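Contents: one structure, followed by commentary.
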Amino acid sequence: MSAKELHIDLGALSQNLRAVRKEIAPSRHMFVVKSEAYGQGLERVVEVADAEGIEWFGAFDLDTALRTRAIAKPSARIFAWAVYSDEEIDRALAADIDLGVGSLGLLERTISRAEATGHTARVHLKVDTGLRRDGIHPDEWAEAADRARRAQSAGTVQIAGVWSHIAEASDHEDDLAREEFIAAVTELGEPGAIRHLAASAAAFARPEFRFDMARVGAFGYGIRSAGGPADDQLGVRPVATLFAPITHIVEDAVTIGVGSLDGLDSRLSGKLEIDTPAGPRVARRIEHAQTIVDAWPGATIGDSIAVLGGQARLSATDAAELIDTVGEEILLRISPAIPRVYKR
Ligand SMILES: *Cc1c(COP(=O)(O)O)cnc(C)c1O
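One rule links them: number in our numbering = place in the sequence shown (from 1) + 129.
So, in C-alpha cells, the structure goes:
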C-alpha cells in the first residue's frame, strides 16, 4: 500500500527560480523561505536554491535563518525580519544574518548588542508604508535614519538595506505605499542601501516596484496568486503535490486515505475534483481521516491518487479559489507529519 506523501518536484523548483530571475532581472531575487519553505521542507529547498545561484534568502525567524546558514554557501546573504530578543540578536550577529529592523526600539537594541558583542550589524531599515503592522512610522523615520547613520559612522551598524512590505491588494494603495517608500529612501540618503519592496505579485506585474531586489516566495514554489495570472503566464508551475492511497471501495464511492486532520481543508467537500483514468471525480466529503470520492471503474485499493497540487487536477491555488482563500493557506495546512518526498 502506498502512503500519504507530499511530493516536492525539485526540477520544477529549479525552473521556477530561473523563471523568477529572468522576469525580474536586473533586480535581484531574494528567495523567501519564511519558516518551512512554504511547507515544502526547508533543507532540500535551500540546497536546490543555493545550487541555482540564489544569493539572498528571506528567512522569517532566527531558527530558519540559522538552518539556512548551515546549508547555503558561505557567501549567501540571509535576511531575517522577526528577530527581537537580545539573545536572538546576538546569535544572528554571530551567524552573519542581515536583520530587518522595523522599530526605533529594535534599532537601539540592535546597536547596543552590536556594541556589546563587537559585531557590525547589517540592518535593513523597514519603513511602514501603510500596512501599519510593523515598520518605522514615517513620523519617526528621520530620527531612525539619523540614529542608524550615526551608528554606521561608529562602525556598529552597516545600513545594508531599506525596505517595506505592501498589501498587493490594490494598485492604488500599492502606488501610495511606493511613494512613501521612495520618500523614505530619499530621506535616508544611503545610495549603498539595497531597496526592496515587492513580493511575488508586484514583482511580476509591476516592474516599477522591483527596485534593487524583490522578495519573491510564492511564485518560486509555483503558488500563483488567487485571482491572478495563470501559471503559464507567469512561467512557473506548482512544486508540491499531495498524494494519498485508495483505502476502501464500495459500489459508488472510493475512499482516499487523507482527511481534514492531515490538513486537507474540509471546506473543499463537494468542490475538490481529482483526475482519474475515467475522467474527473468530485470529492463528496472530506472527513477527519479520509475523503469520499465518486467512484470510477478500475479503481484499486492501494492506488496512489494525486489529491492536490502540481500533478493533480487542481493546484493549491485552484483549490483555494473554490473556498475564497489563497494557495499558501491550502499548502501550509498540510500536516508536517506527512512525509515530504523529493523528486527530480
Ligand atoms: C511572505 C513575505 C514575502 C514573500 O511573499 P510572496 O507573496 O510569497 O512572494 C516577502 N516579504 C515579506 C516581508 C513576507 O512576509
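For glycine and all other residues, C-beta sits at the position ideal for the given N, C-alpha and C.
In this text the structure is predicted, and so the values were computed from the model without any measurement.
In this structure H294 is buried. Its beta-carbon is surrounded by 16 or more other beta-carbon atoms within 10 angstroms.
Closest in C-alpha terms to H136, from the list R442, L451 and G438, comes G438. Under the rule that a run must span 3 or more residues, the beta strand (DSSP E) segments found entirely inside the segment 389-452 read 410-415, 420-423 and 433-438. Taking C-beta atoms as the reference points, N145 and V314 fail to come closer than 7 Å.
Your pair L236 and V230 checks out as a contact, with CB atoms roughly 5 Å apart and the cut at 8 Å.
Taken from the Cβ of H294, at least one heavy atom of ligand 1 lies inside 6 Å. Here DSSP, grouped into helix, strand and coil, assigns V161 to strand. Contact between the segment 372-391 and the segment 338-355 is absent: fewer than 3 CB-CB pairs across the two stretches fall below 8 Å. In the three-state DSSP reduction, R262 falls in the coil class, being neither helix nor strand.
The straight-line gap separating the alpha-carbon atoms of I463 and E134 is approximately 10 Å. Following the DSSP letters along the chain, one finds I218 in no beta strand (DSSP E) but inside the alpha helix (DSSP H) bounded by residues D215 to A223. Taking the CA atoms as reference points, G318 sits about 11 Å from I311.
When beta bridges are read from the DSSP output, V286 appears opposite A250. In this structure, I378 and S395 do not form a Cβ contact; the two beta carbons are roughly 22 Å apart against a cut-off of 8 Å.
Of the candidates A359, I323, I226 and E308, the residue whose Cα lies closest to the Cα of A330 is A359.
With distances taken between CA atoms, F340 lies nearest to I153 out of S282, I288 and I153. Classified as buried, G264 has 16 or more neighbouring CB atoms from the shown chains inside 10 Å of its CB. Segment contact: the segment 318-328 against the segment 237-251, fewer than three CB-CB distances shorter than 8 Å; contact not assigned. Runs of alpha helix (DSSP H) with 4 or more residues, each lying fully within the segment 326-367, are found at 329-334 and 360-363, listed in chain order. Taking 6 Å as the cut-off, the C-beta of R206 does not count as close to any heavy atom of ligand 1.
Relative to ligand 1, the nearest heavy atom lies less than 6 Å away from the CB of S329. Rounded to whole angstroms, D227 and A166 show a C-alpha spacing of 18 Å.
DSSP places E380 in the coil class of the three-state scheme, outside both helix and strand. In the displayed model, R469 falls within a strand according to three-state DSSP. R261 is the residue among A289, Q169, R261 and G290 whose C-alpha sits nearest the C-alpha of A306.
Per DSSP, reduced to three states, the secondary structure at P374 is strand.
V177 sits buried, since 16 or more C-beta atoms from the chains shown fall within 10 Å of its C-beta.
If you check the CB distance, V291 and A250 do not come in under 7 Å.
Contact between V383 and A428 holds, since their C-beta atoms are separated by about 5 Å, short of 8 Å. A direct Cα-to-Cα measurement between G247 and D219 gives close to 10 Å. Nearest to W210 by alpha-carbon distance, out of K202, G284 and F186, is F186.
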